[in-house]
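In what follows, a structure is listed as structure tokens, so that the remarks can point back to it.
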Amino acid sequence: MKRLLVLCVLALVGCGADGPSSYTAKDVKAAYYKASDAGDAASVLENYWVDDEYHSHANYVPREALEVCPLMQRANAPVRVENIIKPKAAEPVSEFVVGPVDETDIRTPSVTQGALLFGTSAIATDGMKAVGAAMSKCPPSYEVRGGPSPILGTYAVSARPLETDDGWTGVLQQIAHTNPNDDVYYEDAAHIVVQRANVILYLDVTHRKIIGERSDAPAHAEAVLRTVLKRLA
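Numbering (the numbering used here) for the sequence shown: 111 to 343.
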């Protein structure tokens, strides 16, 4: 009877609201948001894994790094900060994209998801603290004047803390990018980074909105995050 009580207590501890004490790459990949999660919009979306060897020449971010200030490495800004941070001892998990089937569809949100795994929760927590501190240094507005045409223009950036009831904490960063060559649309984007136990998750949502339309990328990103975290509970 005493053994049964001990097992019951252990079961309750292991299955509490805080979720698992550690995660694997397999856990994270299984939890990723998929096109089938998008409801009526699923018919215009596709899923695909990002080649681990692929890197954008316009905006290089190593797999073991996290972007904290978009394209700051190309920016003309009075304050210079790092565009990326490399948390110590991070093991990257392959990225997964849910985006429009039609490459010309700029209005439907595209979602890129990834993660960094760590040997212990303490290391992951320290990594998230460093990420949050770096994101807080990103200027609220700056210009990119050099590079490929699509990335040129003004970037308006804001960030706020993000915390869930089941113990995930991090930052939601909102980005509005206007391009001098486009007087119709602006890029509406959101970048979420959250941590719990031994993992840091990140996801990016981006699409185009007509200038004057209200941003909805942050709300979409939070909805995607809720789906992912529910699977990791």
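For every residue, glycine included, the Cβ atom is placed at its ideal position computed from N, Cα and C.
Item: Candidates I302, K319, G224, of which the one nearest D162 by Cα; Value: G224
Item: Segments assigned alpha helix (DSSP H), at least 4 residues, entirely inside the stretch 230–273; Value: 231–246
Item: Cβ-based neighbour list, S259, same chain, cut-off 7 Å, excluding 5 preceding and 5 following; Value: N291
Item: Euclidean distance between Cα positions of F228 and V309; Value: 6 Å
Item: Residues of its chain near S251, where Cβ-Cβ distance is below 6 Å and the 5 sequence neighbours each way are ignored; Value: A266
Item: Segment contact, 8 Å Cβ cut-off, at least three pairs: the stretch 172–183 with the stretch 141–154; Value: no
Item: Spatial distance of T279 from P271 (CA atoms); Value: 8 Å
Item: Simplified DSSP assignment, three categories, for D326; Value: coil
Item: Where P188 falls, given that 16 or more other Cβ within 10 Å makes a residue buried; Value: exposed
Item: Cβ-based neighbour list, V123, same chain, cut-off 8 Å, excluding 5 preceding and 5 following; Value: In this prediction, V123 scores a pLDDT of 37, lower than 50, which makes its location untrustworthy; no coordinate-derived value is stated.
Item: Delimiting residues of the alpha helix (DSSP H) encompassing A145; Value: Note, A145: premise wrong, no alpha helix (DSSP H); not H, not E.
Item: R306: first and last residue of the uninterrupted beta strand (DSSP E) it sits in; Value: 295–306
Item: Contacting residues, own chain, Cβ-Cβ under 7 Å from A185 (five flanking each side not counted); Value: Y252, E253, V254
Item: Under 7 Å between C-beta atoms of A269 and M238; Value: no
Item: First through last residue of the beta strand (DSSP E) which encompasses T279; Value: 279–288
Item: V221 beta carbon less than 7 Å from that of V315; Value: yes
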